[in-house]
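J.: Residues in the sequence shown are numbered from -10 upward in steps of one, following our numbering.
Please read through the structure below; I'll follow up with questions.
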Amino acid sequence: MMKAISFLLLAALLHGCGKSSDDNSAALALLATGGSAGCSTGVANSATDVPTTTATGKYKVVDTKQTLCYDSTTSATVSCSGLGYDGSYSGNQPSYTNNGNGTVTDNVTGLMWTRSTDINNDTFVNSSDKRFQSDAVTYCENLTLGGHSDWRLPDIKTLYSLIQFSGKDASTYLGTDTSGLTPFIDTTAFDRVFGDQDAGDRIIDAQYATSTIYVSTTMNGDKTMFGVNFVDGRIKGYPATKSKYYVRCVRGESDYGKNNFSVTDSGATVTDDATGLVWQQADASSTNWQDAVDYCENLSLAGETDWRLPNVKELQSIVDYSRSPDTTSGAALDAKFSATSFTNENGCTDWGYYWASTTHVDNDNDAQSATNATYLSFGRALGYMTGSMLDVHGAGAQRSNDKTNIATEEGASSANLGQGLFYYHGPQGDILRLNNRVRCVRAGN
């Protein structure tokens, strides 16, 4: 029976949708070893990138560029007026300048980027341009371009500043022609990059490397790098040493992504002087996505009523990638915030997913194409595989699930490990939760 289950999982890994080849290699390693179902699914990893806080630095969170709003059930576009959805608010709109020398300047953040992913300069972007994470670090450190030699591999917050949720998730796309796909990045400023199908990659095998190494591990003890996929619109933890990734280098604004938190309003709020955003200090009860939106829209706290559910880039800005449940016994969040723990699907103490106001639109253009909302996992980004519950993508991952009914989400299955029925989907068995935690935000005065 176990052999049959393993065979079925292997088939799913090879033919399933919504995953990456590096996810597959880790999962295949898990199959070979049998995995572990313990509460501590990772081990401490001393590797990290940069300090998470700054005393004086400031930076702007770039808007998601999601201008449309969607009915949670039918995916129909609706008026954004008064809804409290991502598209109802307009932040720091993305703006780029092509410098004409192979570099692009972000006019919002001040960061300068390499424009092309063609790092071997053969005029094509394909698998030969991918590098192991450590080699990507070295490549950027040695790069001279546009008259500059102070390039670096971006950390996860810096790279995520480029993501745009005007994109559409291509995870379920079965074709080979990429011309009709919409990546989660400005393709007038940067190149359109997909997996190298001629090398056996799938279209979504287009993850970019970062300098951010997970302080714990994922899957079966893999050293893990957080990367961004601009084809499926996610942050996941990927094997740092087993797979290769595309590379985009950055320079300038070394304090980007570092927070400067202080407890304000007699403990009711936390202000980030780096971004100017003011956050609810205590999280709110787990609830579905629409109720989360409504809760923040109706919140009166610290004498203010202009609270809202944060968009996904704002929410990611407060993740503390130096923390994790398995290394600091808490959420991936600064200790100035309160984060509610709970007993997860495996009966272990954990910390939750948190809703964002941003819809995760897929490429199918059907009645379910806009029924998923994004979330950030401040606890373990769990998956259910081969009968084991594992941290498959790391605390700090950004994924999505259905806003209203996870039981009917495409490809969802169910199981029970003694804590009640739960749902999961995808080759890594991403755990689906209808009710996620809530933390509201407002712009500072």
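Every residue, glycine too, gets a C-beta built ideally from N, C-alpha and C.
Bear in mind the structure is a predicted one, so any value in this text is a computation, not a measurement.
1) Give me, in chain order, the residues of the same chain whose beta-carbon lies closer than 6 angstroms to that of S330; leave out the 5 immediate sequence neighbours on both sides.
2) Threshold first: 3 residues or longer. Then list the beta strand (DSSP E) segments lying entirely within the stretch 330 to 391, N to C.
3) Going by beta carbon distance, what residues of the same chain come within less than 8 angstroms of L72, once the five residues before and after it are set aside?
4) I'd like the ranges of any alpha helix (DSSP H) spanning at least 4 consecutive residues and lying wholly in the stretch 104 to 151.
5) Put I395 into one of helix, strand or coil per three-state DSSP.
6) Per DSSP, what are the beta-bridge partners of S402 in this structure?
7) Please classify A65 as buried or exposed, where buried requires at least 16 neighbouring CB atoms within 10 angstroms.
8) Can you have a look at F113 and say buried or exposed, based on whether 16 or more other CB atoms are within 10 angstroms of its CB?
9) Measure the Cβ-Cβ separation of H414 and G433 and say whether it is below 9 angstroms.
10) Pull the bridge partners of W102 from the DSSP assignment, please.
11) Could you round the C-beta distance between I420 and Y373 to whole angstroms and report it? I think they count as a contact, below 8 angstroms.
12) To the nearest angstrom, how far is the alpha carbon of D280 from that of S105?
13) Grouping DSSP H, G and I as helix and E and B as strand, with all else coil, what is K302?
14) So for Y284, helix, strand or coil by DSSP?
15) Answer yes or no: do I202 and Q305 have a C-beta to C-beta separation smaller than 9 angstroms?
16) Opposite C58 in the DSSP bridges: which residues?
17) Between the stretch 87 to 107 and the stretch 124 to 143, do three or more beta carbon pairs fall short of 8 angstroms?
18) Note down the Cα distance separating I224 from N218, rounded to an integer number of angstroms.
19) Please list, in chain order, all residues of the same chain as F173 whose beta carbon is under 6 angstroms from its beta carbon, the five residues on each side excluded.
20) According to the neighbour-count rule (16 or more other Cβ atoms, all chains shown, within 10 Å of its Cβ), is R431 buried or exposed?
21) How many angstroms separate the CA atom of V332 from the CA atom of A396?
T.: Taking the structure as given:
1) T338, W340
2) 330 to 332, 338 to 340, 342 to 348, 361 to 366, 371 to 374, 377 to 380, 387 to 391
3) C58, V282
4) 122 to 131, 145 to 149
5) helix
6) Y413
7) exposed
8) exposed
9) no
10) V93, V239
11) 6 angstroms
12) 42 angstroms
13) helix
14) helix
15) no
16) V67
17) yes
18) 7 angstroms
19) I152, Q153, G156, F219, G222
20) buried
21) It is worth fixing the name first, because residue 332 is Thr in this sequence and not Val. T332 and A396: Cα-Cα distance of roughly 21 angstroms.
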